[in-house]
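Asker: Numbering (the numbering used here), first residue to last: 27 to 513.
Backbone N, C-alpha and C fix where the C-beta goes; we use that ideal spot for every residue, glycine too.
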Ligand code: GLC
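1) For residue 181 and residue 168, I'd like the C-alpha separation in whole angstroms.
2) On the premise that residue 196 lies in contact with residue 245, defined as a C-beta separation below 8 Å, what is that separation, rounded to the nearest angstrom?
3) Does residue 27 come out as helix, strand or coil in the three-state DSSP assignment?
4) Please state whether the Cβ-Cβ distance between residue 249 and residue 276 is less than 8 Å.
5) By a C-beta neighbour count over all protein chains shown, 10 Å radius and 16 as the cutoff for buried, is residue 385 buried or exposed?
6) Who does residue 95 pair with in a DSSP beta bridge?
7) Which residues mark the beginning and the end of the alpha helix (DSSP H) in which residue 437 is found?
8) Should residue 441 and residue 286 be called a contact, given that it needs their Cβ atoms to be closer than 8 Å?
9) Taking 6 Å as the limit between beta carbons, can you name the residues of its chain near residue 307, skipping five residues before and five after?
10) Would you call the region 492 to 506 and the region 393 to 404 in contact, with 3 or more CB pairs under 8 Å?
11) Quick one: what does DSSP say residue 123 is sitting in, helix, strand or coil?
12) Just checking my contact of residue 112 with residue 75 at CB under 8 Å: how many whole Å lie between their CB atoms?
13) Verify whether the separation of the beta carbon atoms of residue 82 and residue 43 is less than 8 Å.
14) Around the ligand GLC, what residues have a beta-carbon under 7 Å from a heavy atom of it, in chain order?
15) Ignoring anything shorter than 3 residues or poking outside the region 31 to 79, list the beta strand (DSSP E) runs there in chain order.
16) Is DSSP giving residue 447 helix, strand or coil here?
17) Which value, in whole angstroms, describes the spacing of the CA atoms of residue 138 and residue 232?
18) Looking only at C-alpha atoms, which of 149, 79, 319 sits nearest to residue 332?
19) For residue 315, which residues of its own chain have a beta-carbon under 6 Å away from its beta-carbon, when the five flanking residues on both sides are left out?
20) From the DSSP output, in three-state form, read off residue 440 for me.
21) Residues in the same chain with beta-carbon distance under 6 Å from residue 269, minus the five sequence neighbours each way, listed in chain order, please.
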């Protein structure tokens, strides 16, 4: 691949702003792609990698000042006309463009507003208009999740026949099929909000609603998701969240791919992580105990370097398997363990863990928050990382935990099945199969008793820390997919 322009679009990106795994992926993948795709290429043959993002007001402070204003335009969407400022930032070869509109993006959060459909329709339209305004000629246009799903639809409708996009190939990546941008048709949403002619409405219409993810799948050349197992799972009616028929079609057309994510090994590196009490690497993994003792002091738990610490860092929502933990909780608390839970989510789960903390104050800390710094301290301090997800497109926490020597215990679903294999079959962690609290507890008991064999455990920690979950392999697979779609 030479002299191509790859444009990646998403609604989150570390370190600027992120609420979950999508932000991690977009924060590292484009730079890795830039590096791999231009490996050994001379300057005049190098491929461009460009990323488009919304300019939220909720933006990491010191980075916001580094953005440079480029230009502005007016974006027309149905009867609306909106200002769009374009700001730029360059890092490791990748050019990031941030699209500014305070009416849509000056909010306390990224999502969860009554007008999200309109906000991201604006963003999607603004991306296409900015590409034209900046005179970019995309060969690959790679969208991520429903917030960007109208872009391929616009290319098929409002911009159909535009020479600039004649040779542009589109890829839509699903990070989680649960969130589709699925709206009822009552308010004339396709014409009035998305600015798409009723003759083209069929692209978005699905089961009597306007479904952006469906439109994106129909309009894109390729559809990918974030692990091979998840790419198969979503073909099952009960796991497709209603998109079954559409997915089967995508599959039958040979457009469906599954590529496992990686993690940024510099961003998550216990040997350099400033958040840790004590830094360490795989040769000095016994220093995890010092991190444990320090965290116990900080959280006011009994100090004991030899008690296994179980960690969960997760959104507290049902697809993360929180009910399994809830159902086995009293039994877990009867084991010689400590447990630290960090996350926010459903009030009922938050309440449950707070109650449990009152009852088991010397064994459990439940911190209801999203806190990067603390999460790193917990990865470093803990021994067992529990991730019993019901569904998990890829999952990054099990990879981060491995990097920090916290041994993952996962349910075999989606990307968890693709990244963690049980020790009993020469693997790198503990796994169980069924959505069953008893089964999870049995495996957890095995992990706890393994922990008390200290030499054996040190071996396991080494093994886990040795697994390479870096981006290089995945970046190469993305590039292969780009080549394939370019034909
Ligand atoms: C979503 C998925 C998660 C995945 C992440 C990045 O957050 O739920 O499994 O790791 O996207 O692709």
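Answerer: Let me lay it out:
1) 13 Å
2) 7 Å
3) Reduced to three states, the DSSP call for residue 27 is coil.
4) Yes. Within cutoff.
5) exposed
6) 113
7) Per DSSP, residue 437 belongs to no alpha helix (DSSP H); it is in the beta strand (DSSP E), 433 to 437.
8) yes
9) 297
10) no
11) In this structure, DSSP gives residue 123 an extended state, which the three-state scheme calls strand.
12) With a Cβ gap of about 17 Å, residue 112 and residue 75 do not count as contacting.
13) yes
14) 46, 47, 48, 50, 51, 201, 202, 252, 287, 418, 419, 420, 421, 422, 440, 441
15) 31 to 35
16) coil
17) 22 Å
18) 319
19) For residue 315, where only same-chain residues beyond five positions count, the Cβ hits under 6 Å are 331.
20) helix
21) none
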